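Trainee: Residues 2 to 360, numbered by our numbering, are exactly what the sequence shown covers, in order. Just passing along the structure, written as structure tokens.
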Amino acid sequence: MTETLLVTGGCGFIGSNFIRYVLERDNAVQVVNLDKLTYAGNPASLQDLEGTSRYHFVRGDIGDATVLATLWARFRPRAVVNFAAESHVDRSISGPDDFIHTNILGTYRLLQSALEYYRELPPQEQAGFRFHHVSTDEVFGSLGTEGAFTETTPYDPSSPYSASKAASDHLVRAWHRTFGLPVLITNCSNNYGPYQFPEKLIPLMILNGLEEKPLPVYGKGENVRDWLYVEAQCAEIYTVIQQGRVGETYNIGGQNEIPNLAVVETICDLLDELHPRDDRRSHRDLITFVTDRPGHDFRYAIDATKIRRELGWQPRHSFSSGLRRTVRWYLEHRSWWEPLRSGAYQDYYRKQYRSLHAH
Ligand code: NAD
Ligand code: DAU
Numbered sequence: 002m003t004e005t006l007l008v009t010g011g012c013g014f015i016g017s018n019f020i021r022y023v024l025e026r027d028n029a030v031q032v033v034n035l036d037k038l039t040y041a042g043n044p045a046s047l048q049d050l051e052g053t054s055r056y057h058f059v060r061g062d063i064g065d066a067t068v069l070a071t072l073w074a075r076f077r078p079r080a081v082v083n084f085a086a087e088s089h090v091d092r093s094i095s096g097p098d099d100f101i102h103t104n105i106l107g108t109y110r111l112l113q114s115a116l117e118y119y120r121e122l123p124p125q126e127q128a129g130f131r132f133h134h135v136s137t138d139e140v141f142g143s144l145g146t147e148g149a150f151t152e153t154t155p156y157d158p159s160s161p162y163s164a165s166k167a168a169s170d171h172l173v174r175a176w177h178r179t180f181g182l183p184v185l186i187t188n189c190s191n192n193y194g195p196y197q198f199p200e201k202l203i204p205l206m207i208l209n210g211l212e213e214k215p216l217p218v219y220g221k222g223e224n225v226r227d228w229l230y231v232e233a234q235c236a237e238i239y240t241v242i243q244q245g246r247v248g249e250t251y252n253i254g255g256q257n258e259i260p261n262l263a264v265v266e267t268i269c270d271l272l273d274e275l276h277p278r279d280d281r282r283s284h285r286d287l288i289t290f291v292t293d294r295p296g297h298d299f300r301y302a303i304d305a306t307k308i309r310r311e312l313g314w315q316p317r318h319s320f321s322s323g324l325r326r327t328v329r330w331y332l333e334h335r336s337w338w339e340p341l342r343s344g345a346y347q348d349y350y351r352k353q354y355r356s357l358h359a360h
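Set out below in structure tokens:
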């Protein structure tokens, strides 16, 4: 029997990789992708799936109760996977509004609507229903040089982005404890890989490097992130949906802690090898130190003991192989990223995909 997953934010970086991952591996699943198509949502990431019977795209907002009611009635999903969010820290500093709107209010409305649907399900379907919320390690704040985040580390978010994600996590837990909605939460470290919007560190550096533009490194480039290849997070989210204990939180990390400057230098070296400059100078010459991000968290690191012990988690990619693969992917997929760099994609998709609930 075919099961339906409602994936929100499936036109973004991780959501699109997740949909592809699930449809390629599980023939018994169909996916409904609800995405508002903000600047970060790009249907081109899943264009090859359009028109196939197990994939349905619906343009709409996770905060729109009318759209949600239509989707519950039409597709009767077995689970919801909530990726939809405003996700970029720098944008949350220059304009927090959308972060409050989607990450807090949107998550609340999605929870409330899911609860109404869940309450109407027959007991057998209730037993299998899951609401999976995709969150971030940034809710835990900043680490010094020692230690790692566990699932019980107190929340201490620094940016409007991480504060809004922290709020959404609290709402999700409250809907479980108070109303009995069967929820799961994963808090993950920095992802990288194909289809990442070129505002985030790794794709920005690859594309600026290719175009021989400055590579802006914040502060001294000493901040540390724990990098995880996106497919690994997709695999783990899918495992958690199937085997995770209801009401639990699982941390997911890459066990690849690297200072930003080293990440950028490695990208430069890969570009020197795979796409040398005409004048044969190193791409490292393009590195430019710029003013630091306000409230910039120094270091993130994940203690993945719980997910390893309970669900057998093992990171499968080394950072060097994952990064090489990612640089190659951007070199080979100009047609995906060129419209993003010029901004041309937005008008096109707004006209192409009408909103389900047109205002
Ligand atoms: P992204 O910015 O690439 O994609 C977000 C998607 O959500 C876009 O397609 C956008 O159109 C959609 N969206 C935004 N607001 C919406 C709304 N109101 N209704 C419906 N759709 C909406 O983000 P990402 O990097 O793929 O991150 C996905 C999730 O994973 C986010 O919740 C983020 O907090 C979390 N996360 C990301 C990382 C990372 O490294 N990228 C790490 C840990 C957790
Ligand atoms: O840790 C998980 C989080 O990782 C996710 O929750 C977020 O959605 C995701 O955007 C990411 O947040 P970061 O702020 O860590 O990612 P970003 O790619 O913006 O920056 C990574 C590091 O690189 C950070 O220390 C800031 C630095 N940086 C970033 C940019 C864009 C630079 O030095 N220069 C840049 O131009």
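We treat Cβ as the ideally placed atom computed from N, Cα and C, and that holds for glycine. A quick note: this is a predicted structure, and the numbers were derived from the prediction, not measured.
Expressed to the nearest angstrom, what Euclidean distance is found between the alpha-carbon atoms of histidine 360 and valine 265?
Mentor: Note that histidine 360 has pLDDT 35, beneath the 50 cutoff, so the model's placement of it is unreliable and the number below is only indicative. Between histidine 360 and valine 265, the alpha-carbon positions lie close to 43 Å from each other.
Trainee: Keeping to the same chain, check which residues put their C-beta closer than 7 Å to that of aspartate 283; ignore five residues upstream and five downstream.
Mentor: Checking the displayed sequence, the identity of residue 283 turns out to be serine instead of aspartate. Closer than 7 Å at the Cβ level, and outside the excluded window around serine 283, lie Cys269, Asp273.
Trainee: Within the region 91–166, note down every full alpha helix (DSSP H) run reaching 4 residues or more, in order along the chain.
Mentor: Listed in chain order, they are 108–121, 124–129.
Trainee: Tell me the DSSP bridge mates of aspartate 36?
Mentor: Arg60
Trainee: Quick check on the DSSP output: the alpha helix (DSSP H) that includes tyrosine 301 runs from which residue to which?
Mentor: From DSSP, tyrosine 301 is part of no alpha helix (DSSP H); its letter is neither H nor E.
Trainee: Helix, strand or coil for tyrosine 196? Go by DSSP, reduced to three states.
Mentor: coil
Trainee: Looking at isoleucine 288 and alanine 80, is the spacing between their C-beta atoms short of 8 Å?
Mentor: no
Trainee: Could you check what DSSP says for cysteine 12 in three-state terms: helix, strand or coil?
Mentor: coil
Trainee: Excluding five sequence neighbours on each side, which residues of the same chain lie with their C-beta closer than 6 Å to the C-beta of threonine 108?
Mentor: Ser169, Leu172
Trainee: Within a Cβ cutoff of 7 Å, which residues of the same chain sit near serine 143, ignoring the five residues on either side of it in sequence?
Mentor: Ser159, Asp298, Phe299, Arg300
Trainee: Is it true that the CB of phenylalanine 84 sits closer than 8 Å to the CB of threonine 154?
Mentor: no
Trainee: Between leucine 229 and the rest of its own chain, which residues show a CB-CB distance below 6 Å, the 5 nearest in sequence each way excluded?
Mentor: Ser190, Asn192, Gly255
Trainee: For threonine 179 and serine 114, what's the separation of their Cα atoms in angstroms?
Mentor: Rounded to whole angstroms, the separation of the alpha carbons of serine 114 and threonine 179 is 15 Å.
Trainee: Just reading off the alpha helix (DSSP H) that glutamate 1 is part of, what are its end residues?
Mentor: Only positions 2 to 360 of the chain appear in the structure, and residue 1 is not among them; the question remains open.
Trainee: State yes or no: is the C-beta of threonine 53 nearer than 7 Å to some heavy atom of the ligand NAD?
Mentor: no
Trainee: Quick one: using the 10 Å Cβ neighbour count with 16 as the cut-off for buried, is proline 195 buried or exposed?
Mentor: Label assigned to proline 195: buried.
Trainee: So leucine 341 is in the alpha helix (DSSP H); what residue range does that whole segment cover?
Mentor: Run containing leucine 341: 335–343, per the alpha helix (DSSP H) assignment.
Trainee: Starting from proline 383 and walking both ways along the beta strand (DSSP E), at which residues does that stretch end?
Mentor: No information on residue 383 is available, as it lies outside the stretch 2 to 360 that the chain covers here.
Trainee: Output the distance between the C-alpha atoms of glycine 362 and alanine 167, rounded to the nearest integer angstrom.
Mentor: With the chain represented from 2 up to 360, any question about residue 362 goes unanswered, as that position is not in the structure.
Trainee: Give a yes or no on whether 8 Å exceeds the smallest Cβ distance from cysteine 269 to chain C.
Mentor: Going by chain labels, chain C is absent from the structure shown, which holds only one protein chain.
Trainee: On the three-state DSSP scale, how would you describe threonine 3?
Mentor: coil
Trainee: State the start and end residues of the unbroken alpha helix (DSSP H) segment that holds arginine 75.
Mentor: 66–76
Trainee: Taking the continuous alpha helix (DSSP H) assigned at threonine 240, which residues delimit it?
Mentor: 231–244
Trainee: Within 10 Å of its beta-carbon, does asparagine 104 have 16 or more other beta-carbons around it, so buried, or fewer, so exposed?
Mentor: buried
Trainee: So arginine 110 and glycine 64 are supposed to be a Cβ contact under 8 Å. How far apart are they, rounded?
Mentor: Indeed they touch by this definition, with Cβ atoms about 4 Å apart.
Trainee: Can you check whether the CB of leucine 216 is closer than 8 Å to the CB of asparagine 209?
Mentor: For asparagine 209 and leucine 216, yes; Cβs fall inside 8 Å.
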